[in-house]
Amino acid sequence: MFSRLFVGGLAAAGCGTYLTSGVAAESKGAGVNPFSEKEWRKFKLKEIQDVNHNSKIFKFQLSDKDKNAKLGLPVASCITTKFYDEKEKKDVTRPYTPLTATGAGEFHLLVKRYPTGLMSRHIHDLKIGDELECMGTWPKIQIQENMCKLSKIGGGVPFFIFIPLLKKKINIEFLIQNTYRYLGLLAGGTGLTPMLQVIEHILSLENDTTVINLLFANVSEQVKGSLFFKMKITDIVLKERLDALSEQYPHRLRVFYTVDSSHRGWSGFTGFVTEDMIKKTMPPPGKHTKIFVCGPPGFMKNISGDKKSPKEQGELVGYLKKMGYTPEMQKHTIFFLNQTILKLHNQRQYIFNFIFNFRGSLAIAYKEK
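If you count by full-length UniProt numbering, then the sequence shown holds residues 1 to 369, one letter each, in order.
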């Protein structure tokens, strides 16, 4: 789950069911949400994929009626998992963030096995065909599509006055103004899962212009070899997937890595996340910046401090406070008015989406239906 969210150097919330101000962006294209907030539902394990020595991706199939449907979860959101522990004679529940909000007929959970983790050990012990009970989804933050592309109006005609008189086909599009330009993500271990959900969603948005920087910390390296010759291999969760995305979107996504100890030839950072690493990889504090933080307790303590409760951000401490990030919320609210359908003289239908920004600006999305 998101443990911390800072908006433009301004702390916002991002855990459990707490929602920040703004407008939630839908996943690209319609999809189904197979989970329920009121009842536990069972999902059958379809496939297990090894990620590294202690982490796996578990792929669960949707119900028969949704098996061919596209998954459409709120971005970013998590679910709650449950099983009955026979030894302890009680239900065990834990939250997990699906890797992506979209997919065909299945959802994926990245789970790291912890020696004392009841749920993580239970999931790792599941066999193909076994079922896992889930409930949700629980929105954690709201990702708003960040668009700044504005089309020109031919001849400078004030279209909102004269457009009913136009007879020729036109295609003008006024999109939402920038609310932020830079997104900094600080992730530790499986704290990557909500980050990946956000990254893939934003990169899928056609008009989004956000530039994303990710610093991903891993505290383990796998050692391979014989008794006389041992070689360290960086054991970074989903590194190939992240590298592929950064290569596909080189001007929109930059990925940085740090490991607790490195091997010869390692080109990333070494050691726990420091203030210097953050300065070198994250956008600076400012009204056009958002910073998300998610990771284990020690990671959170050093960088931002942990949440006071699922609905309360808690006191900002650590490197981010020292670097000038502040906990106040940015007052930036957007209201959506009802759509109006206008039929022109040439009988073509156009849709006007009036979007009023509380700060006083007006943007109009104008598309041919």
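Don't be surprised by glycine CBs; every beta carbon is placed ideally from N, CA and C.
Given the structure is predicted, the values throughout are model-derived calculations rather than measurements.
For residue i, tell me which candidate among the options has the shortest Cα-Cα distance.
i    : options                   : result
Q49  : V237, F58 and S267        : F58
Q142 : L214, S63, Y257 and P74   : P74
E206 : L214, K322 and R252       : R252
E145 : K65, R181 and A187        : R181
M135 : S77, Y325, I278 and M277  : S77
Y249 : K70, H201 and G103        : H201
S309 : T116, K140, L71 and F83   : K140
D130 : K42, W138 and F107        : K42
E275 : L186, K239 and G314       : L186
I199 : V293, A217, A104 and L242 : L242
Which same chain residues end up closer than 7 Å to residue i when comparing Cβ atoms and leaving out the 5 residues on each side of it in sequence?
i    : result
S262 : T270
T193 : T97, L99 and L110
E88  : none
N54  : K112 and R113
A56  : Looking at the sequence provided, one finds Lys at residue 56 rather than Ala. The answer, listed in chain order, is I48, Q49, D50, V111 and H124.
Three-state secondary structure (DSSP) at residue i?
i           : result
P283        : coil
Y96         : strand
N68         : coil
P194        : helix
K322        : helix
residue 370 : Look at the range of the chain in this structure, 1 to 369, and you will see that residue 370 is not part of it.
L73         : coil
H122        : helix
N338        : Model confidence at N338 stands at a pLDDT of 28, short of 50, so the residue's coordinates are unreliable and nothing is read from them.
E315        : coil
K301        : helix
G136        : strand
H108        : strand
Let me confirm a value: residue i is counted as buried when at least 16 other C-beta atoms fall within 10 Å, else exposed. Which label applies?
i           : result
D260        : exposed
Y319        : buried
residue 382 : Residue 382 cannot be examined here, being either before or after the span of the chain that is shown, 1 to 369.
G298        : exposed
A244        : exposed
D208        : buried
Cutting at 6 Å between CB atoms, please list the residues of its own chain near residue i, excluding the five before and the five after it.
i    : result
P34  : L62 and D66
L183 : T210, I212 and K290
L214 : L185 and V255
L126 : L45
Could you round the C-beta distance between residue i and residue j to whole angstroms and report it? I think they count as a contact, below 8 Å.
i           : j    : result
F256        : T281 : 5 Å
L132        : L45  : 7 Å
residue 405 : V219 : Residue numbering for the chain in the displayed model covers 1 to 369; residue 405 lies beyond these limits and cannot be assessed.
G305        : G314 : 6 Å
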